[in-house]
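Counting with the numbering used here, you get residues 74 to 223 for the letters of the sequence shown.
Cβ atoms here follow ideal geometry from the backbone N, Cα and C, with glycine treated the same way.
Okay, structure first, notes after.
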Amino acid sequence: MTPLTLPEVEALARTVHEGGTDKAGRPYAEHLAAVAEGVRARGGDAEQIAAAWLHDSVEDGVLTRDRLAATALTPRTRAIVDALTKRPGEEPEAYARRILATPGARLVKEADLAHNADPERLAVLDGPTRRRLTEKYARMRALLGLAAED
């Protein structure tokens, strides 16, 4: 089966996340678009950009693992999405090891963390939530061997 084109992957991601919002109440598709653009800006390839569009789909419960497996994606795109899907009760260290062991996944997670930690995005959250998330994102960056953000 021929893999979906990037516009088709984007359309799928927008459809399955339709009506969803992020912690700040913004349409969830804005986050997906920002991560996909972040991957592109960091030199990511089409498979990584496709994974960026779908990186939260299984974790957020908008796609099942079976539906993802049946979707016309390359094996590498599917592997990246799987690597970026946190498992219930999973320790951050195990999650980071899986990302690092999956070719192409680290760059997608880097773009995801960059958007999640955007000061403008965090500014609308209450203080305790902002601090908790800032620490969480910094810890994951460290576990992945990414430089601290300015």
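(request) Please go through the same chain and pick out, in chain order, the residues whose beta-carbon is closer than 6 Å to the beta-carbon of L105, but skip the five residues on each side of it. (result) A86, W126
(request) List the endpoints of the continuous alpha helix (DSSP H) containing L127. (result) 119–127
(request) Within the same chain, show all residues whose beta-carbon is closer than 8 Å to that of S130, passing over the 5 residues directly before and after it, in chain order. (result) A86, V89, H90, L136, L141, V154
(message) Can you tell me whether D223 is helix, strand or coil according to DSSP?
(response) Below a pLDDT of 50, predicted positions are generally treated as unreliable, and D223, at 46, falls in that range; the measurement from the model is reported next regardless. Here D223 sits in coil by DSSP.
(request) Buried or exposed for E183, please, with buried defined as at least 16 other CB atoms from any protein chain shown within 10 angstroms of its CB. (result) buried
(request) Note down the Cα distance separating V82 from A123, rounded to an integer number of angstroms. (result) 6 Å
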